[in-house]
Amino acid sequence: MLFRRISLLILFLFFTSFILPLFYINNQRRTVVIEAGSSQTYGANKDAYINGNYIYDNYGWERYLWVAGGSSGLGSRRTFIQFSLKNIPTNAIILSAKLRLYVLEVNYASSKYLYFDRITGSWKEWEICWVNQPAVTTSHRVKKRGPGSGGIWWEVPVTSQVIDALNEWDGTGSPTYGVRVILQWESLTATTIKFYSRESIYGPELVVEYIENNPPSAPTLTIPVANQHFDPTSQILFSWIFNDPDSGDSQSAYRFQLDDNSDFSSPIIDTGKVTSSESSTTQTLPSTVGLYYWRVKTWDSQDVGSDWSEARSIIVDRIKIIAGGVVNFTVDVDVGGKIWYYAVYEYDNATFDDSCGVLYVNGFEMTWDGQKWIYTFPYSTEGNQVTFHITGVLDNQYSLTEINNQVGDIIINWAKIQVTIIKTSSFKQNGTELTFLSIFLGLSFPRAISFRLLV
Ligand SMILES: [Ca+2]
Ligand SMILES: [Ca+2]
Ligand SMILES: [Ca+2]
314 MLFRRISLLI LFLFFTSFIL PLFYINNQRR TVVIEAGSSQ TYGANKDAYI NGNYIYDNYG
374 WERYLWVAGG SSGLGSRRTF IQFSLKNIPT NAIILSAKLR LYVLEVNYAS SKYLYFDRIT
434 GSWKEWEICW VNQPAVTTSH RVKKRGPGSG GIWWEVPVTS QVIDALNEWD GTGSPTYGVR
494 VILQWESLTA TTIKFYSRES IYGPELVVEY IENNPPSAPT LTIPVANQHF DPTSQILFSW
554 IFNDPDSGDS QSAYRFQLDD NSDFSSPIID TGKVTSSESS TTQTLPSTVG LYYWRVKTWD
614 SQDVGSDWSE ARSIIVDRIK IIAGGVVNFT VDVDVGGKIW YYAVYEYDNA TFDDSCGVLY
674 VNGFEMTWDG QKWIYTFPYS TEGNQVTFHI TGVLDNQYSL TEINNQVGDI IINWAKIQVT
734 IIKTSSFKQN GTELTFLSIF LGLSFPRAIS FRLLV
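Using the numbering used here, read the sequence shown as starting at 314 and increasing by one per residue.
Here's what the structure looks like:
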């Protein structure tokens, strides 16, 4: 009766200390949120040890696992354990993984090193023996001193090996993680360590802590809006919105591309992966008028990348003055005249008229007469030459400022008949004073023509 009570007490302690934490961990896993750790314990799907003295014997059914040196009297013994990782979600990011072994008894172990290597070959629990033991990789080998005593759970960090196992999973069946445990100086030492196998109550465990993370969705482009026109070589702020199904996740990096090819086969701008939480970048547009495309991709806090955003078009453009002139290039001094221009948007040859903005000639605003831009200039107070050229544009449609002037300067000459009388000499003849005058007559501009009169 007393024995039964003690058994019940042990069972109670077992459930409260072991089973309940497992349920707790399972609950955590189901309610996992980004940045909150969760973990799950996996029992060994299979375990066995092998014996160098009995190379054809299998011990997969035993309640114990052994690691032993060749001079221990037991023969060299190696332990193989495998865990199924099928319950780790495919979007999990492994934070930590540790192997837990319940140590039953040890001899000369705490000063000796053990090697933990990931199993890469296949094996069967009830067939494995010394001669058919599976291959392992020493990549991310864990080296750890043996436990100091028995009667304890002993933990070994195997995070990198579990990550490797998940990364190398070929996608068929379920991912697994297998580990081989051996002594560093296997044949020389008398060390022995005895663990419980999965056939006992305290079988090997693998505790995996992870967070679930989904890749970010493609970012949403904000500005500039599609098909906006900008001056060549202007500095433009491109911005986007980071999207991620994991609430609270944030951007850790972005990449921006701009290309004149819609398939981005030969980008003109490619920032590469830029580590930044900024959701915008300022870039210099190409100097050539034309149609371009830009796109962005992002990475989340766990360095998982999104798809590319949509490709959005952007236009490099400028105002092109394609024609201009004046009625007469030589006009009377007191008369004004009209100068005219015709302008288009260079990208699509659309007419730049008064619905788009204003053209300026020599700093003066021109007016649109329905067909062309007109400037009525006043007469010149000096018979002289004035050079007209387009000095600016106010583009209300796209805010372009750069002008491609194909007309160049227009030169106006003001002219008048110039009469200049210069008294040169005088003398008296028969009581009458006679005077010689020099009179210059000519076009004041561009070149004076003169002649002389005597009166
Ligand atoms: Ca077993
Ligand atoms: Ca995420
Ligand atoms: Ca290109």
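Ideal Cβ positions, reconstructed from N, Cα and C, are used throughout, including at glycine.
Given the structure is predicted, the values throughout are model-derived calculations rather than measurements.
- Message: According to DSSP, Gly491 sits in a beta bridge with which residue or residues?
- Response: BP columns for Gly491 point to Gln395.
- Query: Per DSSP, what kind of secondary structure is Leu326 in: helix, strand or coil?
  - Reply: Note that Leu326 scores a pLDDT of 42, beneath 50, so its modelled location is shaky; the value from the coordinates is reported in the next line. DSSP places Leu326 within a helical segment (H, G or I) once states are collapsed to three.
- Message: Starting from Val475, trace the beta strand (DSSP E) in both directions and tell me its first and last residue.
- Response: Element bounds for Val475: not the beta strand (DSSP E) but the alpha helix (DSSP H), Thr472 to Asn480.
- Are the segment 503 to 518 and the segment 578 to 594 touching by the rule of at least three beta carbon pairs closer than 8 Å? Per the Cβ contact rule, the segment 503 to 518 is not in contact with the segment 578 to 594 (fewer than 3 Cβ pairs under 8 Å).
- Please list, following the chain, all residues that have a C-beta closer than 7 Å to any non-hydrogen atom of ligand 1. That gives Lys359, Asp360, Ala361, Gly373, Trp374, Glu375, Glu438, Ser510, Arg511 and Glu512.
- Task: Look at the Cβ atom of Thr595, then the Cβ atom of Leu534, and state whether they are nearer than 8 Å.
- Result: Cβ atoms of Thr595 and Leu534: not closer than 8 Å.
- Task: May I have the straight-line CA-CA distance separating Leu322 from Leu417, to the nearest angstrom?
- Result: Model confidence at Leu322 stands at a pLDDT of 43, short of 50, so the residue's coordinates are unreliable; what they give is reported in the following sentence. Leu322 and Leu417 have their C-alpha atoms roughly 21 Å apart.
- Task: Identify the continuous beta strand (DSSP E) that holds Ser369 and give its terminal residues.
- Result: Note that residue 369 corresponds to Tyr in the displayed sequence, not to Ser. It is not in any beta strand (DSSP E) - Tyr369 carries neither H nor E in the DSSP assignment.
- Between Trp681 and Tyr654, what straight-line distance do the alpha-carbon atoms span, to the nearest angstrom? A straight line joining the alpha-carbon of Trp681 with that of Tyr654 spans about 10 Å.
- Query: With a Cβ-Cβ cutoff of 8 Å, do Ser565 and Thr601 count as a contact?
  - Reply: No.
- Message: If the criterion is Cβ atoms closer than 8 Å, does the pair Tyr658 and Val674 meet it?
- Response: Going by C-beta atoms, Tyr658 is not nearer than 8 Å to Val674.
- Message: At the level of alpha carbons, what is the spacing between Ser384 and Ala361?
- Response: Approximately 21 Å, taken between the alpha carbons.
- Query: Which partner residues does Ala361 have in the DSSP bridge list?
  - Reply: When beta bridges are read from the DSSP output, Ala361 appears opposite Phe393.
- Task: Pull up the distance between the alpha-carbon of Val520 and that of Lys411, whole angstroms please.
- Result: Answer to the nearest angstrom: the Cα atoms are 5 Å apart.
- Task: Identify, in the order they occur along the chain, each residue of the same chain with its Cβ nearer than 7 Å to the Cβ of Ile716, setting aside the five sequence neighbours on each side.
- Result: The answer, listed in chain order, is Arg631, Ile632, Ile634, Ile703 and Val706.
- Task: Just grab the DSSP bridge partners of Arg458 for me.
- Result: DSSP lists Tyr426 as partners of Arg458.
- If you count every other CB in all the chains shown that lies within 10 Å of the CB of Arg376, and 16 or more means buried, which is it? By the 16-neighbour rule on beta-carbons within 10 angstroms, Arg376 is exposed.
- For Tyr355 and Ala381, the rounded distance between their alpha carbons: The C-alpha of Tyr355 is placed about 25 Å away from the C-alpha of Ala381.
- Message: Which of the three DSSP states is assigned to Trp621 in this structure?
- Response: Residue state, collapsed to three classes: coil.
- Message: Once DSSP output is grouped into helix, strand and coil, what is the label at Gly638?
- Response: In the structure shown, Gly638 sits in a strand (DSSP, three-state: E or B).
- Message: Please identify the residue among Asp616, Ser409, Lys456 and Ser622 whose C-alpha is closest to the C-alpha of Tyr428.
- Response: Minimum Cα distance to Tyr428 is reached at Lys456.
- Query: In chain order, what residues of the same chain have a beta carbon less than 6 Å from the beta carbon of Gly670, not counting five sequence neighbours either side?
  - Reply: Cβ within range, chain order: Leu707, Asp708 and Asn709.
- Item | Identity of the residues DSSP links to His542 by a beta bridge | According to DSSP, His542 bridges with Ile628.
- Message: Tell me the rounded alpha-carbon separation between Ile257 and Val449.
- Response: Nothing about residue 257 can be reported from this structure: the residues present for the chain run from 314 to 768 only.
- Should Val346 go down as buried or exposed, given a rule of 16 or more other Cβ atoms within 10 Å for buried? Because Val346 carries a pLDDT of 25, less than 50, the predicted location of this residue cannot be relied on, and the following value inherits that uncertainty. Val346 should be labelled exposed.
- Heavy atom of ligand 4 within 7 Å of Asp583 beta-carbon: Absent from the structure shown: ligand 4. Ligands present: ligand 1, ligand 2 and ligand 3.
- Item | Start-to-end residues for the beta strand (DSSP E) that takes in Ser593 | First-last of the beta strand (DSSP E) with Ser593: Ser593 to Thr597.
- Message: Using C-beta distances below 7 Å, list every residue in its chain close to Phe665, excluding the 5 sequence neighbours before and after it, in chain order.
- Response: For Phe665, the CB contacts under 7 Å within the same chain, skipping 5 residues up- and downstream, are Ile632, Ala656, Val657 and Tyr658 in chain order.
- Query: What residues in its chain sit with their C-beta under 6 Å from that of Trp482, if we drop five residues either side in the sequence?
  - Reply: Cβ within range, chain order: Pro488.
- Is any heavy atom in ligand 2 found nearer than 7 Å to the beta carbon of Asp620? Checking the Cβ of Asp620 against ligand 2 gives no.
- Where does Val444 sit, in a helix, a strand or coil, going by DSSP? Reduced to three states, the DSSP call for Val444 is helix.
- Item | CA-to-CA distance, Pro460 to Lys425, given in whole angstroms | Their backbone Cα atoms lie some 9 Å apart in a straight line.
- For Gly388, the three-state DSSP class (helix, strand or coil): Assigned with DSSP and collapsed to three states, Gly388 falls in coil, not helix or strand.
- Segment contact flag, the segment 612 to 630 with the segment 543 to 559, C-beta cutoff 8 Å, min 3 pairs: Three or more beta-carbon pairs separated by less than 8 Å link the segment 612 to 630 to the segment 543 to 559, which places the two stretches in contact.
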